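Enquirer: Residues in the sequence shown are numbered consecutively from 681, following our numbering.
All residues carry an ideal CB built from backbone N, CA and C; glycine is no exception.
These numbers come from a predicted model, not from an experiment.
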Amino acid sequence: MKSYYIDVFVDEENNKNGGNPCLVYTGAECLDKTQMQSLAQEAQKQYGGIETAFILPPQKSNNDYMFMYFAPLKEMEMCVHASIAALSVLEIESGNFHDSTLMKTYKIETKLGIFEMGYNSSTNQGYVLQNSPQILNCISSSAEVADALNITNSTINQELPIQNISTSRPKLIVPIQNVEFLDNLQPNFNQLWKLCDTYHTSGLYPFAFSDDFAHSKTLFARQFPNNSGYNEDSATGVAASALACYIASHCHILRKGWQSFIIKQGIAMGKPSKIIASVNFADEKIIKTKISGKVAIRD
681 MKSYYIDVFV DEENNKNGGN PCLVYTGAEC LDKTQMQSLA QEAQKQYGGI
731 ETAFILPPQK SNNDYMFMYF APLKEMEMCV HASIAALSVL EIESGNFHDS
781 TLMKTYKIET KLGIFEMGYN SSTNQGYVLQ NSPQILNCIS SSAEVADALN
831 ITNSTINQEL PIQNISTSRP KLIVPIQNVE FLDNLQPNFN QLWKLCDTYH
881 TSGLYPFAFS DDFAHSKTLF ARQFPNNSGY NEDSATGVAA SALACYIASH
931 CHILRKGWQS FIIKQGIAMG KPSKIIASVN FADEKIIKTK ISGKVAIRD
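#1: DSSP on residue 877, reduced to helix/strand/coil?
#2: Rounded to whole angstroms, what's the CA-CA distance from residue 812 to residue 851? Just pull it up for me.
#3: In this structure, what does DSSP give as the bridge partners for residue 748?
#4: With DSSP as the reference, identify every bridge partner of residue 862, one or two as the case may be.
#5: Buried or exposed for residue 714, please, with buried defined as at least 16 other CB atoms from any protein chain shown within 10 angstroms of its CB.
#6: For residue 758, name the three-state secondary structure that DSSP assigns.
#7: On the criterion of 16 or more Cβ atoms from any shown chain inside 10 Å, does residue 737 qualify as buried, or is it exposed?
#8: Using CA coordinates, which residue listed in 875, 895, 786 and 792 is at the minimum distance from residue 847?
#9: Skipping 5 residues on each side, what residues in its chain have a beta carbon closer than 8 Å to that of residue 958?
#10: If you compare alpha carbons, which of 701, 684 and 692 is closest to residue 626?
#11: Under a Cβ-count criterion, where at least 16 other Cβ atoms within 10 Å of its own Cβ denotes burial, should residue 891 be classed as buried or exposed?
#12: Roughly how many angstroms lie between the CA atoms of residue 910 and residue 752, to the nearest whole one?
#13: Between residue 815 and residue 845, what straight-line distance do the alpha-carbon atoms span, to the nearest angstrom?
#14: Cβ of residue 952 within 8 Å of Cβ of residue 729?
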């Protein structure tokens, strides 16, 4: 059994510190879920807020691999950044890392189903294709969300809804008035986790528009997961995907073909990260989503 420490969604301008870390294990076929969870808890003790992924043989021969994902306190059905980290490890162990100019595609089994994923070793960039979104419930009152985030109600952008959206796991999207307010958030986490349970969401994803959003399509966001063993994520693929669908649903953008957004996350943590979140339109409806980003091999 071997492990690799990988950062995913690194920002090219801040490669030394950014990205979301993941510990990836290969050769772990002999482990059961209890042992995998124990390794995830050990990773938390050693590295801090981190997810752990395991690359396993597929259950069906027409798929390439099965990925399993663990936060320190629980198993996760799907984790995009851990998936991309695992793809980079597959390329390392195949001996193709940095050698191929082609995007290699995989069919990966997860607890949520089978996903198409890809990795380009020459650019250290991976992607995960996800489902069309489930546009779930809106929160009619922003006051309880403001209380959980420990802010005044006016800090929330009242021109847009607070809404649960899922492309694999639900995230509660919360519009914030500006980037300064976003960076200064200091949530009441016990209250935030209760809110997540109430609205059946896996985390809150407050965001703010960049000043030049109309030109750059750049957004800033933070992710506060629901009681996973750490309080904040530096880069969250499933949340960024939900945010892209939210923006596509509520803002004026071209509803044709692939449309992409840049999500900047982790800045308040000192781990600046960059996620490319894309939505694919057909007949003005979102039929597919894609998350992509760069990888840095740390160990």
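Expert: This is what the structure holds:
#1: For the purposes of this step, residue 877 is taken as the residue at position 197 of the sequence shown. Looking at residue 877 - three-state DSSP - the assignment turns out to be helix.
#2: Within the sequence shown, the letter at position 132 stands for residue 812. Within the sequence shown, the letter at position 171 stands for residue 851. Straight-line Cα distance between these residues: approximately 14 Å.
#3: In the sequence shown, residue 748 corresponds to position 68, counting from 1. Residue 748 pairs with 734.
#4: The count along the sequence shown starts at 1 and reaches residue 862 at position 182. Residue 862 is not bridged to any residue.
#5: For the purposes of this step, residue 714 is taken as the residue at position 34 of the sequence shown. It counts as exposed.
#6: Here residue 758 corresponds to residue number 78 of the sequence shown, with the count starting at 1. DSSP places residue 758 in coil when its eight states are reduced to three.
#7: Taking the sequence shown and counting its residues from 1, one reaches residue 737 at position 57. Exposed is the call here.
#8: Here the question's residue 847 lines up with position 167 in the sequence shown. Taking only the C-alpha atoms, the option nearest residue 847 is 792.
#9: Counting from one through the sequence shown, the residue named residue 958 turns up at place 278. So the qualifying residues of the chain are 924, 938, 939, 940, 941, 969, 970, 971 and 972.
#10: Within the shown structure, residues of the chain are numbered from 681 to 979, placing residue 626 beyond reach of any answer.
#11: In the sequence shown, the residue the question calls residue 891 occupies position 211. Looking at its Cβ environment, which holds fewer than 16 other Cβ atoms inside 10 Å, residue 891 is exposed.
#12: For the purposes of this step, residue 910 is identified with residue 230 of the sequence shown, where counting begins at 1. For the purposes of this step, residue 752 is identified with residue 72 of the sequence shown, where counting begins at 1. Between residue 910 and residue 752, the C-alpha separation is close to 8 Å.
#13: In the sequence shown, the residue the question calls residue 815 occupies position 135. In the sequence shown, the residue the question calls residue 845 occupies position 165. Taking the straight line joining both Cα atoms gives about 5 Å.
#14: As a working mapping, residue 952 is identified with position 272 in the sequence shown. As a working mapping, residue 729 is identified with position 49 in the sequence shown. No, these two residues do not count as a Cβ contact at 8 Å.
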